[in-house]
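There are 2 protein chains.
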Amino acid sequence: MVGWRVHDGAPVRVALLGVGRMGSAIGRLVTTKPSLTLVGAVDPRVEVCGRDLGEVIGLDQRLGTPVVGGLDQLFSSAHPDVVVQAACSTMRDAAHDLLACVRQGADVVSIAEELSWPWAQSPAMATHLDEVARRHGVTVLGTGVNPGFVLDLLVVALTGVCQRVDAISATRVNDLSPYGPTVLRTQGVGLTPEAFAAGLADGSVVGHVGFPESIAMVAAALGWVVERVDQVREPIVASVARETAFVRVEPGMVAGCNHTAVGWVGGVPRLRLVHPQQVCPEAEGIATGDTIEIRGVPDLRLSGSPEIPGGVATTALAVNMIPHVRGAAPGLVSMLDLPVPAALAGDVLRTARA
Amino acid sequence: MVGWRVHDGAPVRVALLGVGRMGSAIGRLVTTKPSLTLVGAVDPRVEVCGRDLGEVIGLDQRLGTPVVGGLDQLFSSAHPDVVVQAACSTMRDAAHDLLACVRQGADVVSIAEELSWPWAQSPAMATHLDEVARRHGVTVLGTGVNPGFVLDLLVVALTGVCQRVDAISATRVNDLSPYGPTVLRTQGVGLTPEAFAAGLADGSVVGHVGFPESIAMVAAALGWVVERVDQVREPIVASVARETAFVRVEPGMVAGCNHTAVGWVGGVPRLRLVHPQQVCPEAEGIATGDTIEIRGVPDLRLSGSPEIPGGVATTALAVNMIPHVRGAAPGLVSMLDLPVPAALAGDVLRTARA
Numbered sequence: 039m040v041g042w043r044v045h046d047g048a049p050v051r052v053a054l055l056g057v058g059r060m061g062s063a064i065g066r067l068v069t070t071k072p073s074l075t076l077v078g079a080v081d082p083r084v085e086v087c088g089r090d091l092g093e094v095i096g097l098d099q100r101l102g103t104p105v106v107g108g109l110d111q112l113f114s115s116a117h118p119d120v121v122v123q124a125a126c127s128t129m130r131d132a133a134h135d136l137l138a139c140v141r142q143g144a145d146v147v148s149i150a151e152e153l154s155w156p157w158a159q160s161p162a163m164a165t166h167l168d169e170v171a172r173r174h175g176v177t178v179l180g181t182g183v184n185p186g187f188v189l190d191l192l193v194v195a196l197t198g199v200c201q202r203v204d205a206i207s208a209t210r211v212n213d214l215s216p217y218g219p220t221v222l223r224t225q226g227v228g229l230t231p232e233a234f235a236a237g238l239a240d241g242s243v244v245g246h247v248g249f250p251e252s253i254a255m256v257a258a259a260l261g262w263v264v265e266r267v268d269q270v271r272e273p274i275v276a277s278v279a280r281e282t283a284f285v286r287v288e289p290g291m292v293a294g295c296n297h298t299a300v301g302w303v304g305g306v307p308r309l310r311l312v313h314p315q316q317v318c319p320e321a322e323g324i325a326t327g328d329t330i331e332i333r334g335v336p337d338l339r340l341s342g343s344p345e346i347p348g349g350v351a352t353t354a355l356a357v358n359m360i361p362h363v364r365g366a367a368p369g370l371v372s373m374l375d376l377p378v379p380a381a382l383a384g385d386v387l388r389t390a391r392a
Numbered sequence: 039m040v041g042w043r044v045h046d047g048a049p050v051r052v053a054l055l056g057v058g059r060m061g062s063a064i065g066r067l068v069t070t071k072p073s074l075t076l077v078g079a080v081d082p083r084v085e086v087c088g089r090d091l092g093e094v095i096g097l098d099q100r101l102g103t104p105v106v107g108g109l110d111q112l113f114s115s116a117h118p119d120v121v122v123q124a125a126c127s128t129m130r131d132a133a134h135d136l137l138a139c140v141r142q143g144a145d146v147v148s149i150a151e152e153l154s155w156p157w158a159q160s161p162a163m164a165t166h167l168d169e170v171a172r173r174h175g176v177t178v179l180g181t182g183v184n185p186g187f188v189l190d191l192l193v194v195a196l197t198g199v200c201q202r203v204d205a206i207s208a209t210r211v212n213d214l215s216p217y218g219p220t221v222l223r224t225q226g227v228g229l230t231p232e233a234f235a236a237g238l239a240d241g242s243v244v245g246h247v248g249f250p251e252s253i254a255m256v257a258a259a260l261g262w263v264v265e266r267v268d269q270v271r272e273p274i275v276a277s278v279a280r281e282t283a284f285v286r287v288e289p290g291m292v293a294g295c296n297h298t299a300v301g302w303v304g305g306v307p308r309l310r311l312v313h314p315q316q317v318c319p320e321a322e323g324i325a326t327g328d329t330i331e332i333r334g335v336p337d338l339r340l341s342g343s344p345e346i347p348g349g350v351a352t353t354a355l356a357v358n359m360i361p362h363v364r365g366a367a368p369g370l371v372s373m374l375d376l377p378v379p380a381a382l383a384g385d386v387l388r389t390a391r392a
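Protein chains in written order, with the numbering used here: chain A, 39 to 392; chain B, 39 to 392.
Given below as structure tokens:
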């Protein structure tokens, strides 16, 4: 390969599957990249279906193409090269649409959490999706800030400078204050500690979605065989009142969920991921941030504060990975299979393969 | 792809080209990895040639194979799959041996600084090497801590979560105290400020080797076209005496070289790399460490102290990249073309391609 070559073809045609908060942000970002062009979107919700795509995603201009209700309509009108899926979290919810896109010959980037390492929870479906993608010569990638980057890909990259890795600990402390009722409910924000416990039991409080994926991804990269994953979800109980636009948490009530996962390798707890999510952490002097610590040869510690902002970063990754997905071998792939992500900062796409 | 598959073949046969300090460390590390086997080494220096390889690289056991004087002997006896080149810094010095390895059908990992982005300073030779490597179906990679990781690959990876990048600043403050006379001389350690200036003029003081490579690599990843690179090398003048096993620096004398490179893109200084190298920075309260700052959407800052140790990290990267090089498409590649580095921490090699 002669460095990276300028991709001198037409802009890549990108379509959106889902124009909620994340899909809309991804769509807006696509329109800022000269090497990409936004050609359509699918979203069956009555409040958006049929309306102009530019209007729906919050551009200050119409795009002259409506949001359509189904993938058939999208493919017959917009002919996308790549579909970005931003409509769900699980393989179960994602699979039907993923297969439809693949069968139409489109590459797919999905921000569904489980797609970041689909072999963790849906190995049979992942195998099937991989086979269909290969047969149609297209590539499917799951990505996002977490799972997909902070607590897995970045961890893996740092182990690259290690001669030996004895244990890894990675912590992401973030702020849920910008988020609305749906997210807050899944973290138990505003509940009593008793209601939080009941929510854990009945599955309405879930904590972070993505630990099985992150642990399996790091383990696969390092060649570790994980025997067991222990997950603990504990309420973060407020000592002072914490208030956002969406919720007021009185002292003694739950401000968030401290979710921890530990992966055991060879009888030892080698991989510890910690992700407390709460509203207004600063109200009690808690700094947000990302920290990765590796014990081994050498010992390493890298950290940043505040945390890499989740929504912005997931949006960026979904767009920035498009050239890598276009250049990849066919199949269901992960962030471990592709070159490191890089911001699309120039006017041209660069492609690794000459 | 179905996750990463266990490579169930025989261990990869690795040979060393150069058994100086770095080559020996790489050789020792290879012997700790069950998925790799050290099969031979070339080094024409009379003090090592003909001696048992295990003895030469500092193992506590003989390996039963001697260090040989030339690549012909190596290939006729050891049949390596991969050769790790740790004998030089420039493409000019590396090229002859690289071509010889490639023509014998071996993949190559080189820690020569210029090989980390060979298109920066030797584009014609890089094109030739790429062609020959493709013709022989093998892969050639340059890697190392810097250039190769801290001030380029890690920077690129972090931009992956950015929607927009306005400017990048990355700083690596390290400690030259462990290094011997050869390295200290190239940084001007122990000179008067006047002799330092004369050394810059006559080329005996060089500062860091690798800025053109790091800047070109980051720019290529982001799609930036660099118009100009400004490099400045300034003496770090000691205020107090600094002493190592190899040098004593009196107050007023030079303790190291503060080397900075700035890449201009679109008339703006967008990429600033700073790498002060000195002995005993702690003597004047200077903390070592690595810091990456990105201004854009979002702003990002990630840092770690002390710095990622250079020798340990370059050794690790040279070994950890072997599976990626084995699995790569033929040609001359860079760290931007391959999956993220990962520690070889398990008993098995995992390969990305099914």
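Note that CB positions come from ideal geometry on N, CA and C, so glycine has one too.
Small disclaimer: the values here were computed from a predicted structure and weren't measured.
Short Cβ contact (8 Å threshold) for residue 345 of chain B with residue 251 of chain B = Against the second sequence, residue 345 of chain B aligns to sequence position 307. Against the second sequence, residue 251 of chain B aligns to sequence position 213. Cβ distance not < 8 Å, so residue 345 of chain B and residue 251 of chain B don't count as in contact.
Indicate whether at least one CB of chain B lies closer than 8 Å to the CB of residue 363 of chain A.
-> Residue 363 of chain A sits at position 325 when you count from the first residue of the first sequence. Chain B, which has no Cβ nearer than 8 Å to the Cβ of residue 363 of chain A, makes this no.
Assign residue 98 of chain B to buried or exposed, taking buried as 16 or more other Cβ atoms, counted over all protein chains shown, within 10 Å of its Cβ.
-> For the purposes of this step, residue 98 of chain B is taken as the residue at position 60 of the second sequence. Flag for residue 98 of chain B reads exposed.
My guess is that residue 89 of chain B and residue 105 of chain B are in contact by the Cβ rule of under 8 Å, so how many angstroms apart are they, rounded?
-> In the second sequence, the residue the question calls residue 89 of chain B occupies position 51. In the second sequence, the residue the question calls residue 105 of chain B occupies position 67. Indeed they touch by this definition, with Cβ atoms about 6 Å apart.
What does residue 201 of chain A touch in chain B if you count any residue whose Cβ is under 7 Å from its own?
-> As a working mapping, residue 201 of chain A is identified with position 163 in the first sequence. Those are 67, 350, 353 and 354, listed as they occur along chain B.
Chain A contact for residue 60 of chain B (CB, 8 Å cutoff) = The residue labelled residue 60 of chain B in the question sits at position 22 within the second sequence. No, residue 60 of chain B does not count as interfacial toward chain A.
Taking only the alpha-carbon atoms, compute the straight-line gap between residue 175 of chain B and residue 147 of chain B and give it to the nearest angstrom.
-> Residue mapping note: residue 175 of chain B aligns to position 137 of the second sequence, counting from 1. Residue mapping note: residue 147 of chain B aligns to position 109 of the second sequence, counting from 1. Rounded to the nearest angstrom, the two C-alpha atoms are 15 Å apart.
With DSSP as the reference, label residue 126 of chain B as helix, strand or coil.
-> Position 88 of the second sequence, counting from 1, holds the residue named residue 126 of chain B. Reduced to three states, the DSSP call for residue 126 of chain B is coil.
Who are the neighbours of residue 346 of chain A on chain B, taking C-beta pairs under 8 Å?
-> Against the first sequence, residue 346 of chain A aligns to sequence position 308. The answer, in chain order, is 199, 336 and 338.
For residue 353 of chain B, does the count of other Cβ atoms within 10 angstroms reach 16, so buried, or fall short, so exposed?
-> Position 315 of the second sequence holds residue 353 of chain B. Per the 10 Å Cβ criterion, buried.
Return the Cβ separation of residue 342 of chain A and residue 340 of chain B in integer angstroms, given the expectation that the two are a contact with Cβ distance under 8 Å.
-> Along the first sequence, read from residue 1 onward, the residue named residue 342 of chain A stands at position 304. Along the second sequence, read from residue 1 onward, the residue named residue 340 of chain B stands at position 302. Confirmed, about 4 Å.
Please report how far the alpha carbon of residue 74 of chain B lies from the alpha carbon of residue 114 of chain B, in whole angstroms.
-> To locate residue 74 of chain B, count along the second sequence from 1; it is residue 36. To locate residue 114 of chain B, count along the second sequence from 1; it is residue 76. Near 20 Å, if we compare the C-alpha coordinates of residue 114 of chain B and residue 74 of chain B.
Using a C-beta to C-beta distance shorter than 7 Å, which residues of chain B count as neighbours of residue 296 of chain A?
-> Indexing the first sequence from 1 puts residue 296 of chain A at position 258. Under the 7 Å cutoff, chain B gives no residues; its nearest Cβ is about 23 Å from residue 296 of chain A.
Helix, strand or coil at residue 92 of chain A according to DSSP, with G and I counted as helix | Locating residue 92 of chain A in the first sequence gives position 54, where the first residue counts as 1. Residue state, collapsed to three classes: helix.
What does a CB cutoff of less than 7 Å around residue 226 of chain B pick up in its chain, not counting 5 residues either side in sequence?
-> As a position in the second sequence, residue 226 of chain B is number 188, starting the count at 1. These residues qualify, in order along the chain: 234, 237, 243, 273, 292 and 295.
Quick one: what does DSSP say residue 340 of chain B is sitting in, helix, strand or coil?
-> Locating residue 340 of chain B in the second sequence gives position 302, where the first residue counts as 1. Three-state result, residue 340 of chain B: strand.
Residue 153 of chain B CB to nearest chain C CB: under 8 Å?
-> Of the protein chains in the structure, A and B, none is chain C.
My understanding is that residue 178 of chain B touches residue 309 of chain B, with C-beta atoms under 8 Å, so please give their C-beta distance in whole angstroms.
-> As a working note, residue 178 of chain B is residue 140 in the second sequence. As a working note, residue 309 of chain B is residue 271 in the second sequence. Actually they do not touch by this definition, with Cβ atoms about 26 Å apart.
Anything in chain A within Cβ reach of residue 358 of chain B, meaning under 7 Å, just list it in chain order.
-> On the second sequence, residue 358 of chain B is found 320 positions in, with the first residue counted as 1. Within chain A, the residues near residue 358 of chain B are 198.
Test: residue 262 of chain B CB closer than 8 Å to a CB of chain A | Position 224 of the second sequence, counting from 1, holds the residue named residue 262 of chain B. Answer yes: the Cβ-Cβ gap between residue 262 of chain B and chain A drops below 8 Å somewhere.
Under the three-state reduction of DSSP, which class applies to residue 252 of chain A: helix, strand or coil?
-> Your numbering for residue 252 of chain A matches position 214 in the first sequence. In this structure, residue 252 of chain A counts as helix in the three-state DSSP scheme.
Paired residues, beta bridge with residue 102 of chain A - DSSP = Reading the first sequence from its first residue, position 64 is the one you call residue 102 of chain A. Paired residue(s): none; residue 102 of chain A is not in a bridge.
For chain A, find out if any of its Cβ atoms is closer than 8 Å to the Cβ of residue 211 of chain B; answer yes or no.
-> Against the second sequence, residue 211 of chain B aligns to sequence position 173. Taking Cβ atoms only, chain A never reaches closer than 8 Å to residue 211 of chain B, which makes this a no.
Meets three-Cβ-pair contact criterion under 8 Å: the region 248-267 of chain A and the region 321-332 of chain A | no
Helix, strand or coil: which one does DSSP assign to residue 61 of chain A?
-> The residue you call residue 61 of chain A lines up with position 23 of the first sequence. Helix at residue 61 of chain A.
3 or more residues per run - each beta strand (DSSP E) lying fully within the region 116-187 of chain B | 120-123, 145-148 and 177-180
With DSSP as the reference, label residue 215 of chain A as helix, strand or coil.
-> One-based indexing of the first sequence puts residue 215 of chain A at position 177. Residue state, collapsed to three classes: coil.
Burial state of residue 277 of chain A (16 or more Cβ within 10 Å) = For this step, residue 277 of chain A is matched to residue 239 along the first sequence. Its Cβ having fewer than 16 others within 10 Å, residue 277 of chain A is exposed.
Since residue 194 of chain A meets chain B, which of its residues come closer than 7 Å, beta carbon to beta carbon?
-> Position 156 of the first sequence, counting from 1, holds the residue named residue 194 of chain A. Here the neighbours are 378 and 380.
Under a Cβ-count criterion, where at least 16 other Cβ atoms within 10 Å of its own Cβ denotes burial, should residue 48 of chain B be classed as buried or exposed?
-> As a first step, residue 48 of chain B is located in the second sequence; it is residue number 10 there, counting from the start. With fewer than 16 Cβ atoms within 10 Å of its Cβ, residue 48 of chain B is classed as exposed.
Report yes or no: do three or more beta-carbon pairs, one from the region 332-339 of chain B and one from the region 182-201 of chain B, lie closer than 8 Å?
-> yes
From this set, B:182, B:72 and B:167, which residue's C-alpha is nearest residue 348 of chain B's C-alpha?
-> Locating residue 348 of chain B in the second sequence gives position 310, where the first residue counts as 1. Nearest option by C-alpha distance: B:182.
Does the beta-carbon of residue 220 of chain A have 16 or more other beta-carbons within 10 angstroms, so that it is buried, or is it exposed?
-> Counting from 1 along the first sequence, the entry for residue 220 of chain A is found at position 182. Residue 220 of chain A should be labelled exposed.
Mind listing the chain B neighbours of residue 187 of chain A? Cutoff is C-beta to C-beta under 8 Å, in chain order.
-> Residue mapping note: residue 187 of chain A aligns to position 149 of the first sequence, counting from 1. Result: 198 and 199.
Assign residue 134 of chain A to one of two classes, buried (16 or more other C-beta atoms within 10 Å of its C-beta) or exposed (fewer than that).
-> For the purposes of this step, residue 134 of chain A is taken as the residue at position 96 of the first sequence. Residue 134 of chain A should be labelled exposed.
If you count every other CB in all the chains shown that lies within 10 Å of the CB of residue 307 of chain A, and 16 or more means buried, which is it?
-> Counting from 1 along the first sequence, the entry for residue 307 of chain A is found at position 269. Classification for residue 307 of chain A: exposed.
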